[in-house]
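Down below is the structure, laid out as structure tokens.
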Amino acid sequence: MCLMEIDDFSSVAGHPWASLWPSENQPIVQAAIEKARSGRVARFIAACPTPKGTLKSWEVSVAPIRDEQGTIVAFQSLSRDVTRRETSRREEKLVSRELSHRIQNLFAVVDGLIHLSGRRHDGAGPFVATLRERLGGLGRAISFIHPMNDSDVASAPRTVRGLIEALLAPYREAGALVTLKGDDAAIGQSALTSVAMVLNELATNAFKYGAMRDTCGQLTITLVRQETHLLIDWCETGVPGLTGSEPAGFGTTLLDRTIHGQLSGKIQREWTSDGLDVHMTIPLASLE
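The opening residue of the sequence shown carries number -8 in this note's numbering; numbering runs sequentially from there.
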């Protein structure tokens, strides 16, 4: 009652639980109840003001309670106040969109300079057109990592394979040898940015130092879907001399924190005689 700022419990006693939520969130609450009615655990995050008008964000789970015969006789709802976390997330999203806006502006300036420069040199048209196309592909890939608006998120691929294809398309068009094989898994909006960030960091390193640095290297990505996890093997070959003896930089820290902290997964690196293998294990639940 203290957390929800309810002074008199009789004011809410006997009311349908969904009716205590704002009208725009009642369908979400009702859907969670129906999912629990089918025997599954439902989870959602939504905003709901207290009776005193304080707007709070709640992380909610709804689970069925069964009797000795297995019959569902009640539901249990657990609500956790995550207002501070959700506020920080909204602020981070705003900063991310501002960063995306600045990046897209930079791409536009570079594209304009290439276009103007190409007009001054006879015969440079095909080269300029190819360069601008690849630059545009790289810009679209970056928009998955730092979406500037909801349309960027809506247009993003909804599977891990689709996301990999989209992020690596600019490198393939530039001549990189990339093979993608194996299974697939759906990916939700909440996991999209984290997975894209991981893949982009690996691709950037492969382009600067590894298999996509020139046409001698080969990048093979294998996806294996298990019952509860997705295994991603990122294998770079044809690149002798790679070593993991250097101190961990920001990119390595970013990868580890994203995999462990945001996706609840595991990552393991193995330097071979002619390249690098990165093995990642991500729970399917973290991709929802």
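Where a beta carbon is used, it is the ideal one built from N, C-alpha and C, also for glycine.
Predicted model only: the values in this text are computed from it and were never measured.
Beta-carbon spacing of residue i, residue j below 9 Å
i: Arg34; j: Val64; result: no
i: Leu168; j: Leu233; result: no
i: Leu254; j: Ala177; result: no
i: Leu11; j: Val3; result: yes
i: Gly109; j: Val119; result: yes
i: Pro13; j: Ala38; result: yes
i: Arg123; j: His106; result: yes
i: Glu50; j: Val32; result: no
Helix, strand or coil at residue i according to DSSP, with G and I counted as helix
i: Met282; result: With the chain covering -8 to 279 only, the question about residue 282 has no answer from this structure.
i: Pro238; result: Per-residue confidence for Pro238 stands at a pLDDT of 49, beneath the threshold of 50, marking its modelled position as unreliable; no derived number is given.
i: Pro117; result: helix
i: Gln21; result: helix
i: Ala176; result: coil
i: His251; result: helix
i: Ser2; result: helix
i: Thr213; result: strand
i: Gly232; result: coil
i: Arg71; result: strand
i: Ala202; result: coil
i: Gly127; result: helix
Alpha-carbon to alpha-carbon, residue j and residue i
i: Asp224; j: Arg248; result: 18 Å
i: Arg71; j: Ala160; result: 41 Å
i: Ala292; j: Met271; result: For residue 292 there is no data in the structure shown, the boundaries of the chain being -8 and 279.
i: Asn196; j: Glu25; result: 46 Å
i: Glu89; j: Lys47; result: 26 Å
i: Pro231; j: Gly266; result: 6 Å
i: Gly5; j: His92; result: 49 Å
i: Pro238; j: Ile273; result: Note that Pro238 scores a pLDDT of 49, beneath 50, so its modelled location is shaky and nothing firm can be said.
i: Asp58; j: Phe66; result: 12 Å
i: Phe0; j: Ala276; result: 36 Å
i: Arg149; j: Leu222; result: 17 Å
i: Tyr200; j: Val151; result: 24 Å
i: Lys172; j: Glu261; result: 20 Å
i: Ala22; j: Gln95; result: 38 Å
i: Phe198; j: Glu227; result: 11 Å
i: Leu69; j: Arg204; result: 51 Å
i: Thr170; j: Asp268; result: 14 Å
i: Lys84; j: Leu246; result: 19 Å
i: Thr219; j: Arg76; result: 27 Å
i: Ile(-3); j: Pro40; result: 11 Å
N-terminal and C-terminal residue of the beta strand (DSSP E) that residue i is part of
i: Pro161; result: Not the beta strand (DSSP E): Pro161 falls in the alpha helix (DSSP H), residues Val151 to Glu164.
i: Glu279; result: From DSSP, Glu279 is part of no beta strand (DSSP E); its letter is neither H nor E.
i: Trp262; result: Lys257 to Thr263
i: Glu227; result: His220 to Thr228
i: Arg55; result: For clarity, residue 55 is Pro in the given sequence; the question names Arg instead. That run of the beta strand (DSSP E) goes Leu46 to Arg57.
i: Ala167; result: No beta strand (DSSP E) holds Ala167; DSSP gives it neither H nor E.
i: Ala9; result: First-last for Ala9: undefined, no H or E at that position.
i: Pro40; result: Ala33 to Pro40
Alpha helix (DSSP H) segment containing residue i, residue limits
i: Phe280; result: Shown here, the chain extends from -8 to 279; a query on residue 280 therefore has no answer.
Below-9 Å beta-carbon distance, residue i vs any chain D residue
i: Ser52; result: The structure shown contains no chain D, having only a single protein chain.
- [ ] Say whether the region 180 to 196 touches the region 152 to 172, bearing in mind that this needs 3 or more beta-carbon pairs closer than 8 Å, one atom from each stretch.
- [x] Flag = yes, the region 180 to 196 and the region 152 to 172 touch.
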